[in-house]
Structure formats: C-alpha cells, structure tokens
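This report concerns only the one structure given below.
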Amino acid sequence: MRHGTTAFVFGDRAGVHQLYWVADGELVWWSTSATALAALHDRRPDYPRLLAALTVRGVDHLGSSSLFPGIRRVPPGSALFLAPGRPPRTVPVPGGPETLSLVDAAPMLRETLTTAVRRRAASAANLSSDLSGGVDSSTLAALAAASGSLLGITYTDRHMAESDDPAYAALIAAELPHLGHRVVHGTEQKVGHFDQLDDLDALPFTDSPSLSMGLLSIKAAQLAPAVATGSQLHLTGRGGDDVLDATASMLLDQYMAGHRRAAAGRAWTFARSRRTSPHQVLARAARTYAEPYPRALARLAALMGGNAQLARPRPRPPSDLMAWCLPLASAAWLTPAGRRDTAAVVGEQAAVAASSERPGRLHERISLERMAEEHATYDQISRQLFNLPVHAPFLDTAVVDIGHAVPGWERSVPGDYKPLARAAFNGSVPAVLLQRRTKTPHTGSVHSGLRTNLLALQRIITGSRLAEAGLIDSGQAVAELESAARGEAAFLWGVHQLVVTELWLSTLCLDLGHWWEPTQVREAA
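If you're matching positions, the sequence shown starts at 4 in this note's numbering and goes up one per residue.
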C-alpha cells in the first residue's frame, strides 16, 4: 500500500504469506521468500535458529530474524514501513475486535468463514477438499458443498481405519448432496510416512523445513483424485485447532484475568483428564504465574548454555504444558557447541520479550505461526508436484482475528469440544459433526512409516549437516529414531523435524542464477 512517497508492505496475521527484507545502502529488497533474498545477498543458513526450532518449546526462534543471517522477517501481524530518507522498520497492523464473547463471535465467524469459502469456490470451476471426519475439514467441506459440487477426500490406512474419523466422514458425506466422496486407503496403495526420501533431486523446494516432506507419498495418494478430476483449488482444515480451540496454558491467562476460582477448577479437571497429580499441575502453574516471560527465557538460556545434564522425560509430564518455555527431549542430542548456539537464540529473545506477555496468548501465537508456516510449505509442495493450490481458510486474517478475540477459556471448555464451532455453524453443517467430542491421534501410522523407511532415515541422520558442524550428536538422534521405529516411547515430532531439517539443508539451492535473472528496465508512463 502506498501513501504519497510512503509504502507499507503487509503480510497476514498468521504468517501464511511471510515477508522478508534486507537493506542494501539506501535500497531495500523485500520478498515473500527468505531463500531468494539469501541467494541474492550470499547468506548461508542460520544453524542456531534451526536448532532452537528443533530443541526448545515456548520460544519464538525467528522473531524479527529469519533462517538466514542478515535477512530480516516482518513478524506476522506487522507491516514493513518504507519512506525516503527514513530507515526501514516494522510497525504493528491493527487487528479486529480486541475481545468478543463466544455468543457475539459465533455469527461473525460463521459469516466470515462462509464468505472465505464461497469466494474460493467461485474462483475455481472444480473444487476439492479434505474430509477427514474431524470438525475443521468437515466444516469447510460442508460450507463448500453448499456453494456447488465438491469432491471430498478422506484418507485412511490400517491404523486410522480403527479410529472414529472414517465413520464420521461417511456420515457427513451422506448428508451433503452436492459432495462426491472418495476414500483413499494408504495401506492398500502401499504408501506411508517417510516414503520417497531417497532421491534428493526429486524433492520439491520449500522456503523452510516442512513436516509435509515426510508425507510426500501420502499427500500424492490423497490428492490424486483431486488432480484426476481437474481440481483447481483444494481446501484443508489446517488452522482450525488454532482458531476454534486453545492451548492448555490458557487457564493461566484465565487466572490472570481475574477468573481465579474457574481457572483453579480447570487445572484440576485438566489433571484428571491427563491422569496426573492436580498438585503438580497447580505447582507448575504457580511458578509460571510468578515469573515474567523474559526471566523465564533468561533462565532457559542459562540452562541450555550450562553444563547440567538435560533431562529427557518420556513422555513429558502434562504439567509441563503450563510452563512458559522449556527444553524438548531433542535437546539431549545437542553437543556443547549446539547448546551454546541454542542458548544464544533464547537469550536474544529474552532481551526483547515483553513482561506483559501471558502464557496462553504466547503459546497460541507460536502455535498459529508454526501452523501457518507448515501450511505455506505444504502449498509450495502441492503446487510443484501436483499443480494444485491448497488453501486453509481458517488461517485467513479475518477468521483468526475473530477466533482469537474470544478468550481461550471460552473456546476450550472441559468436556465440551470446540464450543465455538457448534455455536457458529449450527444449522450450516451436519448436526452429527458438531456432536463429535473426540480427536484422533495417528501415531501408529508414524511408527509404521519409521519402520518401513528406517534405513533411509538412518542415512539422512547419520549424514547430518548439523552433526557435521559439530552441533548435534547424530548417534543419539539415530538411537531415538530406532526406538521410535520399534514402537517404543520416543519423541516422534523431534525425529520428524530433524529429518525434514536435514532434507532442507541438503536440497537448499542458493545459486543466484536459480533465483534471479536480469531484465530490461522499462520506463513507467
């Protein structure tokens, strides 16, 4: 947007469309790709930030930086301000309503999300959508089917077939007359997690490490019916959890907002649901309440940079969800040099963190931005491999603003799954969907993929660039991988994140000629 000689460059609230910039004298280059700017300015990957993304929780590992030193990021929800004679800077972009009750937000969310889906449906002659059977994707499918014909795709396998998802998907599809339903069975098609990672030259490009890289064959099978029918746009429910639900630590925000009795009751309910001690949950929550976020980050930086052994609870106690920030199990893979580098990133964030931050709001923002980044890379993969754009309407700025204006303790109510969805979409989607109270984990499919592709994954981690730089102990990471492949308790997310990080480093192209080409300067009339 221009106003006279002043320009504002906007991204979006969640970070699906990231903005990066770098100053070169009086010239400012900006791009939606950090890699493009890194190639132009000869910057190599920032290993410490990759380590922080892998090994600590509750830390914004990027902030105003990027995965390349010197390439600056415009934080989501901000704009890049450019004016002659003035240094470039980022400024916050005003959001939607600051606070809404669930009752007031529901009709606003229904109208906004319905409009977002209808506009996408109007832009594509052929439309497809995920139809997992969960609330998020199924809501989008129902709204899209109300605008015309839609192909709804349910992916399952021998592990997922035992869950509630396929049954709910079938019930929902039966109530949507304009929806054609296709079920893709991954086991029958012999696809699984971590397939197709042997040939680096065949892997698609993403601007940052993408968990979707570990699901290439699954995504190919899932989207094949959409591609075969000529779909021009595919809908996914990603971001629905971030808008319709809230993090467990939101009970601390509830306490800080003055609802102390309700927050304490929620802590007891949370502990019982997780089969853990209420006193342990309350004690952890009390420590977090008593410590401002910058001090918690400084303490984490000292721990990461120190010599003390990093504990590896497996599984991590549920009370840890009440902590501001902490090391993940993958932190045990770090060498002393890796710990120092990670500590430096955490310490940098401690210097700029706001003392007014609240735990639930912080975790909600970090979760939203990570989901948006993951969706952006999934869209990049789908466009390259299948020529099919993937959209996530729940991550639209207007949708996020309405959802996050509702306090988290109203969006997440013990024993009442996603009440905002039921209030907003009652009458717009099949009633059976809004009656659902379960969410299905799919760890069995991940363990199976690890077993099938163990040798390829061992090679990826053994040849680790991070290990070559002296930052992680690949032997410990491989031991975690092998434990997971045996079906034992292991840090699955950490193994997955390390694999895709190493793939990203191995396939990263920073050749200037790949990204930039000279062109004739044409005078503007």
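Heads up, the beta-carbon is just placed ideally off N, CA and C, and yes, glycines get one too.
- Ranked by how close their Cα comes to the Cα of residue 403, the residues 7, 12, 13 and 17 have 17 in first place.
- Among the bridge pairs identified by DSSP, residue 337 is matched with 475.
- In the displayed model, residue 256 falls within a helix according to three-state DSSP.
- Residue 496 sits away from residue 212, with the two beta carbons spaced by 8 angstroms or more.
- Counting along the chain, no alpha helix (DSSP H) covers residue 359, and no H or E run does either.
- Residue 515 counts as exposed, since fewer than 16 other C-beta atoms from the protein chains shown sit within 10 angstroms of its C-beta.
- Between the C-alpha atoms of residue 112 and residue 423 there is a straight-line separation of about 9 angstroms.
- Looking from the CA of residue 30, the closest CA among 425, 341, 188 and 44 belongs to 44.
- Inclusion of residue 117 and residue 160 in the CB contact set at 8 angstroms is not warranted, their separation being larger than that value.
- Only residues of its own chain outside the window of five on either side were considered, and among them 250 and 252 have a CB closer than 6 angstroms to the CB of residue 366, listed in chain order.
- Straight-line spacing of the CA atoms in residue 484 and residue 376 works out to 25 angstroms.
- With distances taken between CA atoms, residue 412 lies nearest to 269 out of 269, 158 and 86.
- Looking at the backbone, the Cα of residue 56 and that of residue 64 are separated by about 6 angstroms.
- About 7 angstroms separates the beta carbons of residue 303 and residue 329, which is inside the 8 angstroms limit, making them a contact pair.
- Within the DSSP bridge table, the entry for residue 464 names no partner.
- Note that the C-beta distance between residue 308 and residue 342 is below 8 angstroms.
- The Cβ atoms of residue 135 and residue 167 lie no closer than 8 angstroms to each other.
- For the set 409, 502, 158 and 338, the Cα lying nearest the Cα of residue 102 is the one of 409.
- The beta carbons of residue 140 and residue 239 sit closer together than 8 angstroms.
- With at least 16 other beta carbons inside 10 angstroms of its own, residue 325 counts as buried.
- Spanning the alpha carbons of residue 417 and residue 389 requires a straight line of approximately 41 angstroms.
- Note on geometry: alpha-carbon atoms of residue 519 and residue 37 lie some 13 angstroms from one another.
- The beta carbon of residue 383 is closer than 6 angstroms to those of 209 in its chain, skipping five residues each way along the sequence.
- DSSP places residue 381 within a helical segment (H, G or I) once states are collapsed to three.
- According to DSSP, residue pairing for residue 156 in a beta bridge involves 133 and 185.
- In the three-state scheme derived from DSSP, where H, G and I count as helix and E and B as strand, residue 90 is classed as strand.
- If you draw a straight line from the Cα of residue 14 to the Cα of residue 478, it is about 40 angstroms long.
- Put simply, the backbone Cα of residue 133 is about 19 angstroms away from that of residue 438.
- With fewer than 16 other Cβ atoms inside 10 Å of its own Cβ, residue 106 counts as exposed.
- DSSP lists no bridge partner for residue 496.
- Membership of residue 302 in the alpha helix (DSSP H) is indicated by the continuous run 296 to 308.
- Residue 38 is bridged by DSSP to nothing; it lacks a bridge partner.
- Counting every other CB atom within 10 Å of its CB across the protein chains shown gives residue 4 a total below 16, marking it as exposed.
- Contact check for residue 188 and residue 152: beta-carbon distance about 24 angstroms, past the 8 angstroms limit, so the pair fails to qualify.
- Proximity to residue 68 across 334, 295, 321 and 348 peaks at 348, based on C-alpha coordinates.
- For residue 177, the closest C-alpha among the options 164, 435, 311 and 104 is that of 435.
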